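The numbering of the sequence shown is this note's numbering, which starts it at 1 and goes up by one. We put the CB at the ideal spot given by N, CA and C, even for glycine. Predicted, not measured: the structure shown is a model, and the values here were computed from it.
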Amino acid sequence: MTWAVGIALKQKVYPADVQMIFPVAKRGRPRQRHIPDTKSITAQAMLETAKWRKVSWRRGTTGTLSARFAARRVRIADDPPQRIRDMGAQHLPGEEVWVVGEHRSTGERKYYLSNLPAEASLKQLAGAIKARWICEQAHQQLKEELGLDHFEGRSRAGLHRHALMTMIAYAFLQSCRLKQAGGGKKNLRTATDTACRPHGTPENHSKTSTANMPTLREMCL
């Protein structure tokens, strides 16, 4: 499963090429546990010297959405902690992932981790991160317009049936919205698909904007 998740700027990470070594004991018995050959640092510090680049991921109601991004391959400091010399207990290197930083036009900075492949481009990373917006919009519409949160039963089977019927209704009405707006199947693309378009490929600016689509509630009238 591919994922991208927001993290605190103080999340500790290791360089992707960190090595586990057995330190030489200056006195006493030989060391029995290996330790990383470098200290973990924060996600913010890891990207301080990275190259930042402006990336756009999709068109919004006010135009193309873009921000400055930077990314590096790292290993998360999330394995079981171990005492390392005079540094106290430190989490050991775990899974190798991408650490991604985002500088928004408002001055706000965000940091993320993603398990996209090592060959993934910065545009693909930004698209995966921003795909969350579509999920949030769908969840909000399911609750506000189709009653996803109106279930008052007590059985798990009843909840599953209610959620399933709500999602079927959402899929049908969303299809009607796209057809009524003139988009048809051409607009059934995710933010990730848009972001993964090869660099330099012109965008189809004639595609239907969601701002001009009727709401789900209007489709029911």
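Looking at residue i: is its Cβ nearer than 8 Å to the Cβ of residue j?
i      : j     : result
Arg75  : Gly94 : yes
Gln82  : Ala71 : no
Tyr111 : Val99 : yes
Val13  : Ala77 : yes
Ser56  : Leu47 : no
Do you know how far the Cα of residue j is from the Cα of residue i?
i      : j      : result
Cys196 : Asp149 : The predicted model places Cys196 with a pLDDT of 43, which falls under 50 and marks its position as unreliable; any figure quoted below should be read in that light. Whole-angstrom Cα-Cα distance: 34 Å.
Cys176 : Ala163 : 20 Å
Ser40  : Pro15  : 8 Å
Leu173 : Asp79  : 45 Å
Ala171 : Thr62  : 26 Å
Trp52  : His103 : 9 Å
Start and end of the alpha helix (DSSP H) containing residue i?
i      : result
Thr166 : Arg156 to Gln180
Does DSSP classify residue i as helix, strand or coil?
i      : result
Ala128 : helix
His150 : helix
Lys39  : coil
Asn204 : Bear in mind that the predicted position of Asn204 carries a pLDDT of just 47, short of 50, making it unreliable; the figure below should be weighed with that in mind. Asn204 falls in the coil class under three-state DSSP.
Lys143 : helix
Leu116 : coil
Leu65  : strand
Leu224 : There is no way to answer for residue 224, as the model of the chain reaches only from 1 to 221.
Glu108 : coil
Gln82  : strand
Ala16  : coil
Gln11  : coil
If you count every other CB in all the chains shown that lies within 10 Å of the CB of residue i, and 16 or more means buried, which is it?
i      : result
Leu159 : exposed
Trp3   : exposed
Ile21  : exposed
Terminal residues of the continuous beta strand (DSSP E) containing residue i?
i     : result
Trp57 : Arg53 to Gly60
Ala4  : Ala4 to Ile7
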